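Terminal number for the sequence shown in the numbering used here: 294, no gaps in between.
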Amino acid sequence: MRRRLDAALLLDKPVGLSSNAALQAAKRMFRAAKAGHAGTLDPLASGLLLVLFGDATKFAASLLEADKTYLASVRLGATTTTGDAEGEVTGRRAVAVSEPPVEDVLTKYRGTISQVPPMYSALKFCGQPLYALAREGVCVERSSREVLIHELELISLKGDLLELRVRCSKGTYVRTLAEDIGAALGTVVGARPAAAQTAAHPSTARPLGTFSVLEFGAKGDGHSIDTPAINKAIEAAAAIGGGTVVFPAGTYACYSIHLKSNVELHLQRGATILAAEGAHYDAAEPNQPWHI
3 MRRRLDAALL LDKPVGLSSN AALQAAKRMF RAAKAGHAGT LDPLASGLLL VLFGDATKFA
63 ASLLEADKTY LASVRLGATT TTGDAEGEVT GRRAVAVSEP PVEDVLTKYR GTISQVPPMY
123 SALKFCGQPL YALAREGVCV ERSSREVLIH ELELISLKGD LLELRVRCSK GTYVRTLAED
183 IGAALGTVVG ARPAAAQTAA HPSTARPLGT FSVLEFGAKG DGHSIDTPAI NKAIEAAAAI
243 GGGTVVFPAG TYACYSIHLK SNVELHLQRG ATILAAEGAH YDAAEPNQPW HI
């Protein structure tokens, strides 16, 4: 049974878990009637996620305006489709840099800078999230916007791996900053393996959702084998005590799905699962639960 709870929880989110999945796990654990968070961390990022319960959610708006601090790992010499380690590598170049030129480049990215938001982001274009368009191979023009980099510190440089500490304003994309630094150094754009938020300066929030198989690499094109991505999504939901895995519209080809008793699969309208034997399952209604 849900209960009234007015509190804030400082949650150390692990890598591989979406912010919403972590929020839902905390909400279930504390049986809270109302919960939200004060900023989103990417699934690849670990660190502080501020979870708010009850009346504490009233502070979310002001917290979203606050600065945030990251420890970022930037891999130089590689370009990816998404600007981070989740994307496919599209280019490589040998890297030979030393600390002095790196420090010179970092100086240029302190203070107020302009950023063009990445296509793989939750910003919307004509009502559609940019990441949804990007997954369809569509690229649209995005306006640059100003962000403020309060601190940009080189922690270490080991070969092609930069370790940076970044304190920045809301709306800053660390992977875009990594790309810009990589380009300025004359290397191919930097791909960010991970970023850890370490201070109570939450980032810009996105609409809360559920686990989506697309977040784990499913294609839904009817040709690619989506078994690994589907099972990863199920494992992630099971790991936090249970949840819902959503299949957006598309055709998902798979051999075997490792169902968990505490995980429910929802097929949105237009979603079809093709089994190895040729059987298929369709969603008659949006978010229809599907079980074997």
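Even glycine gets a Cβ: it sits at the ideal position worked out from N, Cα and C.
All figures in this text were calculated on a predicted structure; none of them were measured in a lab.
Whole angstroms is fine: what's the gap from threonine 114's alpha carbon to alanine 185's?
On the sequence shown, residue 114 is found 112 positions in, with the first residue counted as 1. On the sequence shown, residue 185 is found 183 positions in, with the first residue counted as 1. Approximately 18 Å between the Cα atoms of the pair.
In whole angstroms, give me the CA-to-CA distance for lysine 110 and threonine 82.
On the sequence shown, position 108 is the one that residue 110 refers to. On the sequence shown, position 80 is the one that residue 82 refers to. Near 23 Å, if we compare the C-alpha coordinates of threonine 82 and lysine 110.
Let me check understanding here. Comparing Cα to Cα, which of Ala68, Pro103, Asp14 lies closest to proline 45?
One-based indexing of the sequence shown puts residue 45 at position 43. If we check each option's Cα against that of proline 45, Asp14 comes out closest.
Which of helix, strand or coil DSSP assigns to glutamate 148:
The count along the sequence shown starts at 1 and reaches residue 148 at position 146. The answer is strand: DSSP assigns glutamate 148 an E or B state.
Who pairs with serine 214 in a beta bridge, going by DSSP?
In the sequence shown, counting from the first residue as 1, residue 214 sits at position 212. Looking at the DSSP assignment, serine 214 forms a beta bridge with Val248.
Rounded to whole angstroms, what's the CA-CA distance from arginine 137 to glycine 222? Just pull it up for me.
Taking the sequence shown and counting its residues from 1, one reaches residue 137 at position 135. Taking the sequence shown and counting its residues from 1, one reaches residue 222 at position 220. One C-alpha to the other measures close to 11 Å.
Does the separation of the CB atoms of glycine 56 and alanine 34 fall below 8 Å?
Sequence index remark: in the sequence shown, residue 56 carries index 54 (1-based). Sequence index remark: in the sequence shown, residue 34 carries index 32 (1-based). Going by C-beta atoms, glycine 56 is nearer than 8 Å to alanine 34.
CA nearest to the CA of leucine 51, picked from Ser21, Lys234, Arg4:
As a first step, residue 51 must be located in the sequence shown, where it is residue number 49. Comparing Cα-Cα distances from leucine 51 to each of Ser21, Lys234, Arg4, the minimum goes to Ser21.
Which residues in the same chain have their Cβ closer than 8 Å to the Cβ of leucine 163, if we skip the five residues on either side of it in sequence?
Taking the sequence shown and counting its residues from 1, the one referred to as residue 163 is at position 161. Contacts found: Ser75, Val76, Arg77, Leu78.
Three or more C-beta pairs closer than 8 Å, one from the segment 253-265 and one from the segment 217-232: is that the case here?
yes
By the three-class DSSP mapping on this structure, what secondary structure does aspartate 228 have?
Position 226 of the sequence shown holds residue 228. In the structure shown, aspartate 228 sits in coil (DSSP, three-state: anything other than H, G, I, E or B).
Beta-bridge partners of glutamate 266, as assigned by DSSP:
Against the sequence shown, residue 266 aligns to sequence position 264. Glutamate 266 pairs with Thr246.
DSSP three-state assignment for glutamate 153, whether helix, strand or coil:
Locating residue 153 in the sequence shown gives position 151, counting from the first residue. The answer is strand: DSSP assigns glutamate 153 an E or B state.
Rounded separation between isoleucine 183 and valine 118 - CA only
Residue mapping note: residue 183 aligns to position 181 of the sequence shown, counting from 1. Residue mapping note: residue 118 aligns to position 116 of the sequence shown, counting from 1. Approximately 14 Å between the Cα atoms of the pair.
Those residues which DSSP pairs with phenylalanine 55 across a bridge
Numbered from its first residue, the sequence shown carries residue 55 at position 53. Phenylalanine 55 pairs with Ala9, Ala37.
Is the CB-CB distance between serine 116 and leucine 150 below 8 Å?
By one-based count along the sequence shown, residue 116 stands at place 114. By one-based count along the sequence shown, residue 150 stands at place 148. No. Outside cutoff.
Using C-beta distances below 6 Å, list every residue in its chain close to glycine 272, excluding the 5 sequence neighbours before and after it, in chain order.
Numbered from 1 along the sequence shown, position 270 holds the residue referred to as residue 272. The answer, listed in chain order, is Ala251.
Contacting residues, own chain, Cβ-Cβ under 7 Å from phenylalanine 61 (five flanking each side not counted)
Here residue 61 corresponds to residue number 59 of the sequence shown, with the count starting at 1. Answer for phenylalanine 61: Leu54, listed in chain order.
Can you say whether alanine 193 is buried or exposed, counting buried as having 16 or more other CB atoms within 10 angstroms of its CB?
Along the sequence shown, one-based indexing puts residue 193 at 191. Only weak support is given to the placement of alanine 193: the predicted model assigns it a pLDDT of 37, under 50, and the question is left unresolved by the model.
In the DSSP assignment, find the beta strand (DSSP E) that holds glycine 161 and state where it starts and stops.
If you number the sequence shown from 1, residue 161 lands on position 159. Segment: none, glycine 161 is in no beta strand (DSSP E) and carries neither H nor E.
Just verifying my parser: in three-state terms, what is the DSSP assignment at arginine 95?
For the purposes of this step, residue 95 is taken as residue 93 along the sequence shown, with counting starting at 1. Arginine 95: coil per DSSP, three-state reduction.
Using a Cβ-Cβ cut-off of 6 Å (strictly less than) and excluding sequence neighbours within five positions of threonine 84, which residues of its own chain qualify?
As a working mapping, residue 84 is identified with position 82 in the sequence shown. Contacts found: Tyr122.
Less than 8 Å separating the beta-carbons of arginine 265 and valine 215?
On the sequence shown, residue 265 is found 263 positions in, with the first residue counted as 1. On the sequence shown, residue 215 is found 213 positions in, with the first residue counted as 1. Per the sequence presented here, residue 265 reads as valine, with arginine not at that position. Contact flag unset, no.
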